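As given, the protein sequences belong to chains A and B, one line each in that order. Numbering-wise (our numbering), the first sequence opens with residue 1 and increments by one. Numbering-wise (our numbering), the second sequence opens with residue 213 and increments by one. Every residue gets a Cβ at the ideal spot worked out from N, C-alpha and C, and that includes glycine. Because the structure is a prediction, the values reported are computed rather than measured.
Number of protein chains: 2
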Amino acid sequence: MKNLADILELDGPAGPPTERMLQILTEACRLFATRGFDGVSVRDIAQECGISKATLYHHFPDKDAILRPLVMGITRSLHQRVLRAIPAEAEPAEKLRAFMVESARFFEEYRWAFIVSSTVFWTDPQARQRRQRIEWRDRHEALLRIILEEGVQRGAFRIEDIGMAGRLVLGALNWMPKWYDPKGPLPASAIAEQFYDVLLAGVGARPDVITI
Amino acid sequence: MKNLADILELDGPAGPPTERMLQILTEACRLFATRGFDGVSVRDIAQECGISKATLYHHFPDKDAILRPLVMGITRSLHQRVLRAIPAEAEPAEKLRAFMVESARFFEEYRWAFIVSSTVFWTDPQARQRRQRIEWRDRHEALLRIILEEGVQRGAFRIEDIGMAGRLVLGALNWMPKWYDPKGPLPASAIAEQFYDVLLAGVGARPDVITI
């Protein structure tokens, strides 16, 4: 997660995070994802970074201050990255492909942060910034619906229920970080391409179409 | 979750759970799903049940003993329920539909338990029975792959990569408990039917096919 700095939402008017802060956030993120927020102590994080607890506390007042920038940034960053990746003048099908591929790239890059974030979203007793996160999530879903709607209007897609089709797409993508193996044979973008092909053509055979 | 008893995996040779145990498990399940395992105390669960902590401890030695039967049972039960719902002699497409619809019904019925279970799977420091759960999950994925494979062999499906198509289906289904609203306009089974239709026919328009 070399670009973790790009997705963080740091408090206050502080400048960009230092190398040390990024190291702490990166190690903490991986630990939270694999052991749960409550299963990780500040001591664990410091140990993983090879620093003392005192040094860690110099950068972050508590464990919560480490979690917050990870969790807040991820939903917003996903949306902004995907939005930027969609070519304004392309065909709806091309836009859908870009939406899916860029989402997969994002999950590949920020896999741990996404897992932490989606877990905390559900189980956080303090519902950290849940409202703002829901706003970004809704914006992201709306973007996908606009692409699908445009495709239907221009005759590129046949979809009865735009909302449901959107949820199918998002479910397939959002579940990816749970099983995707970075050491596996396919990069995340290639998986998204395959998903796109299946979604566009369907898995049902078409005996009435002659293929060359 | 009136049928919670059906999915529980209780320790030891004890008989079926008592009404009181089911009440405790049901309330705890909802609390764990909404606030996280570590965000809920034994006192919270007892309070929600309208009983004393002493009464709760009479039935369960600790919070862990409440979580375990919920988490262990869910992956196995999902697989067994779906397996039973698939007609042995049906066409592959009909089997795929049954797989999807029964999964959705299961998620509707055991929504909280599934959310708890899938959260704990990732964040549990003790990796409670993760190995057994992975075995059941793999069996479940294999069942879907067999259906898709059969469909390809019999000419009902056109699928290049069975594993990827299966993951698309499972992602769409497994993400459902995260957004499904029991008070919404559609029952979970109707949503699964829509997903099935989209998956079979695809969203891409087919100008070359004449529909009647």
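Excluding the 5 residues flanking it on each side, B:Ser401 has same chain C-beta neighbours closer than 6 angstroms at Val313, Ala316 and Arg317, in chain order. Residues are counted here when their Cβ sits less than 9 angstroms from a Cβ of chain B; for the segment 35 to 51 of chain A these are Arg35, Gly36, Phe37, Asp38, Gly39 and Val40, given in chain order.
Per the coordinates, the alpha-carbon of B:Arg349 lies some 33 angstroms from the alpha-carbon of A:Pro69.
Taking all protein chains in view, the Cβ of B:Gln365 is surrounded by fewer than 16 other Cβ atoms within 10 Å, so the residue is classified as exposed. A:Pro187 and B:Gly378 have their C-alpha atoms spaced approximately 17 angstroms apart. Cβ-Cβ separation between B:Tyr392 and B:Phe319: approximately 7 angstroms, consistent with a contact (criterion under 8 angstroms). Interface residue (Cβ-Cβ distance to chain A less than 8 angstroms): B:Met376 is classified as such. Burial state of B:Ile257 is buried, judged by a 10 Å Cβ sphere holding 16 or more other Cβ atoms. DSSP lists A:Gly204 as the bridge partner or partners of B:Phe369.
Contact between the segment 230 to 242 of chain B and the segment 260 to 269 of chain B is present, with at least three C-beta pairs closer than 8 angstroms. Relative to the Cα of A:Val40, the nearest Cα in the group A:Thr75, A:Lys63, A:Gly202 and A:Met164 belongs to A:Lys63. Taking the Cβ atoms as the reference, A:Phe157 lies roughly 14 angstroms from A:Gly163, outside the contact range of under 8 angstroms. For B:Ala217, same chain residues with a beta-carbon under 8 angstroms away, outside a window of 5 residues either side, are Pro228, Pro229 and Leu234 in chain order. Here B:Phe244 carries a helix assignment [DSSP, helix/strand/coil]. Counting along the chain, A:Pro92 sits inside the alpha helix (DSSP H) bounded by residues Pro92 to Glu109. Shown here, A:Lys63 sits in a helix according to DSSP, grouped into three states.
B:Thr230 carries a coil assignment under DSSP once its states are collapsed to helix, strand and coil.
Under the three-state reduction of DSSP, B:Pro389 is assigned to helix. With 16 or more neighbouring CB atoms inside 10 Å of its own CB, B:Ile403 falls in the buried class. One finds Arg379 in chain B with Cβ atoms closer than 7 angstroms to the Cβ of A:Trp179, taken in chain order. In the DSSP assignment, A:Leu4 falls within the alpha helix (DSSP H) that extends over Leu4 to Ile7. Taking a beta-carbon distance threshold of 8 angstroms, A:Val198 counts as an interface residue toward chain B. In the structure shown, B:Ser253 adopts coil according to DSSP, grouped into three states.
Here A:Ile66 is buried, its C-beta having at least 16 other C-beta atoms within 10 Å. Collapsing the DSSP output to three states places B:Ala354 in a helix. B:Pro394 sits in coil when the DSSP states are folded into three classes, being neither helix nor strand. A straight line joining the alpha-carbon of A:Leu170 with that of B:Val410 spans about 14 angstroms.
A distance below 8 angstroms separates the beta carbons of B:Gly414 and A:Gly202.
Per DSSP, reduced to three states, the secondary structure at B:Ser401 is helical. Counting the other Cβ atoms within 10 Å of the Cβ of B:Leu295 gives fewer than 16, which makes it exposed. Burial is judged here by how many other beta carbons sit within 10 angstroms of a residue's own beta carbon; B:Arg309 has at least 16 and is buried. Selection A:Gly73, A:His140 and A:Gly36 evaluated against A:Ala85 yields A:His140 as nearest (Cα-Cα).
The distance from the Cβ of B:Thr331 to that of A:Thr75 is about 18 angstroms, inconsistent with a contact at the 8 angstroms cut-off. The CB of A:Val203 comes closer than 7 angstroms to the CB of Phe369, Arg370, Ile371, Ala377, Leu411 and Leu412 in chain B, given here in chain order. Rounded to whole angstroms, A:Ile147 and B:Gln406 show a C-alpha spacing of 19 angstroms.
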